[in-house]
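**Student:**
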Amino acid sequence: MDYPADQILLARLRVSEQKAYRELVATYQGAMRAVAFAIVGSRNADEVVQDAWLAVVRNLDGFQGRSSLKTWLLTITANTAKTRLKGNRREVLLDDIPSPHGTVGDERFHGDGHWLLAPHAWHHDSPEALLTEEELRECLERTLASLSELQGSVLHLREREGLELDEICNLLQVSLSNVRVLLHRARLKVFATLEHFEETGQC
Amino acid sequence: MLSCKELVAHSSEYIDGQMKLRRRLSVRMHLAMCVNCRRFIKQLRLSQAVLRRLPRGQSAESDELAAKLAEVHRQQH
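So the protein lines, in turn, are chains A and B.
Take the position in the first sequence, starting the count at 1, then add 12; the result is the number in my numbering.
Take the position in the second sequence, starting the count at 1, then add 9; the result is the number in my numbering.
1) Use the C-beta contact count for A46/A: other C-beta atoms within 10 angstroms, 16 or more gives buried, fewer gives exposed.
2) Looking at W127/A and C13/B, is the spacing between their C-beta atoms short of 8 Å?
3) Would you list, in chain order, the members of the stretch 125-147 of chain A that have their beta-carbon closer than 9 Å to a beta-carbon of chain B?
4) Would R65/B count as contacting chain A if we go by Cβ distances under 8 Å?
5) Does the count of Cβ pairs from the stretch 186-206 of chain A and the stretch 152-163 of chain A closer than 8 Å reach three?
6) Against chain E, with Cβ distances strictly below 8 Å, would W84/A count as a contact?
7) Between Y40/A and chain B, is any beta-carbon pair separated by less than 8 Å?
8) Of all the options Q62/A, A130/A, V191/A, which has the alpha carbon lying nearest to the alpha carbon of L105/A?
9) Can you tell me whether W84/A is helix, strand or coil according to DSSP?
10) Sort E210/A, V69/A, V37/A by Cα distance to C151/A and report the nearest one.
11) Does A75/B come within less than 8 Å of chain A when only Cβ atoms are used?
12) Can you tell me which of the three DSSP states F121/A falls into?
13) Between A50/A and V166/A, which are expected to be in contact by the criterion C-beta below 8 Å, what is the C-beta distance as a whole number of angstroms?
14) In angstroms, rounded to a whole number, what distance separates the CA positions of A32/A and G117/A?
15) Excluding the 5 residues flanking M44/A on each side, which residues of the same chain have their C-beta closer than 7 Å to its C-beta?
16) At the level of alpha carbons, what is the spacing between A145/A and Q85/B?
17) In whole angstroms, give me the CA-to-CA distance for L10/A and T205/A.
18) Answer yes or no: do A75/B and R24/A have a C-beta to C-beta separation smaller than 8 Å?
19) Could you name the residues of the same chain whose beta carbon sits closer than 7 Å to that of E22/B, not counting the 5 residues immediately before and after it, in chain order?
20) Could you check what DSSP says for C134/A in three-state terms: helix, strand or coil?
21) Run through chain A and tell me which residues come within less than 7 Å of A69/B, C-beta to C-beta.
22) I'd like the span of the alpha helix (DSSP H) that includes S158/A, first residue to last.
23) Run the CB neighbour count on Q214/A, radius 10 Å, all protein chains shown included, and call it buried at 16 or more, exposed below.
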């Protein structure tokens, strides 16, 4: 078997060890929610995740471990979500919803492509230092909440769950170029929020 | 030569390591000469790290869910 850590957890899950289920939920719930959000939207996501968990438990004993546990769980979630959709697939909207602190747009550059408003040095230079600012955390949450469901999910799956871009494409059935556009624009919005906070000290 | 604006437009591909060698080299050359873009890339990576470390909401709900799932599994046997 290629996934030894998964095998250890699976063995515990198969004897119904409650602590193992807590670990499983704590580790994967966030990624599963992001997948469900992207496909069915926020209204139905919770139900899809619930159904996906039940499908996971039903099929746990038969899972062969040919993929990682994470890939298997997310595939079940994506399939559960697609079944719910029954072909009413929403269009992939690349149109950007404005974010509270904007982005790094054309207005930051001269006509010749040089910086007009170049980034300043930030006061904080580690993630830990930035995250000690409670107001910044709230501010960031607001920016994340302003993203479309699909864009927010792509960002979450890439940055927080560490999925590869092609895994995201396969799960969400979005083309690689669209995933790249969504991800890049989302990152610039997050950048703009941190930059705004660093420059003004407020949200 | 790559402009600052172009560099920013391709910065995600660069930090994801998804760039073809040739363009990667032109980004590296630009960064070697441009302090503003070096700072931009550094701060973009910092933003990435901040997201990664944003605390996850651990709720009583997930404990409840875990208990329910363990119970469902037990009943299957």
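Where is the CB? At the ideal position from N, CA and C, for every residue including glycine.
**Tutor:** Straight from the coordinates:
1) As a working mapping, residue 46/A is identified with position 34 in the first sequence. The residue in question, A46/A, is buried, as its Cβ has 16 or more Cβ neighbours within 10 Å.
2) Here residue 13/B corresponds to residue number 4 of the second sequence, with the count starting at 1. Here residue 127/A corresponds to residue number 115 of the first sequence, with the count starting at 1. Their beta carbons are under 8 Å apart, which means C13/B touches W127/A by this criterion.
3) G125, H126, W127, A130, P131, H132, A133, W134, H136, D137, S138, P139, E140, L142, L143
4) Your numbering for residue 65/B matches position 56 in the second sequence. Cβ-Cβ to chain A under 8 Å: yes for R65/B.
5) yes
6) Judged by its chain identifiers, the structure shown contains no chain E, and its protein chains are A and B.
7) As a working mapping, residue 40/A is identified with position 28 in the first sequence. False, the Cβ-Cβ gap to chain B never drops below 8 Å.
8) Walking along the first sequence from the start, residue 105/A turns up at place 93. Nearest C-alpha to L105/A: V191/A.
9) Numbered from its first residue, the first sequence carries residue 84/A at position 72. Of the three classes helix, strand and coil, the one that applies to W84/A here is helix, per DSSP.
10) In the first sequence, the residue the question calls residue 151/A occupies position 139. Out of E210/A, V69/A, V37/A, E210/A has the C-alpha closest to the C-alpha of C151/A.
11) On the second sequence, position 66 is the one that residue 75/B refers to. Taking Cβ atoms only, chain A reaches closer than 8 Å to A75/B, which makes this a yes.
12) Within the first sequence, the letter at position 109 stands for residue 121/A. Strand at F121/A.
13) Position 38 of the first sequence holds residue 50/A. Position 154 of the first sequence holds residue 166/A. 7 Å between Cβ atoms; contact.
14) Residue mapping note: residue 32/A aligns to position 20 of the first sequence, counting from 1. Residue mapping note: residue 117/A aligns to position 105 of the first sequence, counting from 1. Computed Cα separation, rounded: 46 Å.
15) Here residue 44/A refers to the residue found at position 32 of the first sequence. Contacts found: V61, A64, L85, L86, T89.
16) Counted from its first residue, the first sequence places residue 145/A at position 133. Counted from its first residue, the second sequence places residue 85/B at position 76. The sequence as given places Glu at residue 145/A; Ala does not occur at that position. C-alpha separation (whole angstroms): 48 Å.
17) The structure shown has nothing for residue 10/A, since chain A only spans 13 to 215.
18) As a position in the second sequence, residue 75/B is number 66, starting the count at 1. As a position in the first sequence, residue 24/A is number 12, starting the count at 1. Not closer than 8 Å, so no.
19) Locating residue 22/B in the second sequence gives position 13, counting from the first residue. If we look at E22/B and ignore the five residues flanking it on each side, its Cβ neighbours are M28.
20) Here the question's residue 134/A lines up with position 122 in the first sequence. Here residue 134/A turns out to be Trp, not Cys, going by the sequence shown. It is coil, neither helix nor strand.
21) To locate residue 69/B, count along the second sequence from 1; it is residue 60. Chain A residues near A69/B: none, gap ~11 Å exceeds 7 Å.
22) Translated into positions along the first sequence, residue 158/A becomes position 146. Segment 146-158, the alpha helix (DSSP H) holding S158/A.
23) Numbered from 1 along the first sequence, position 202 holds the residue referred to as residue 214/A. When all chains shown are included, Q214/A counts as exposed.
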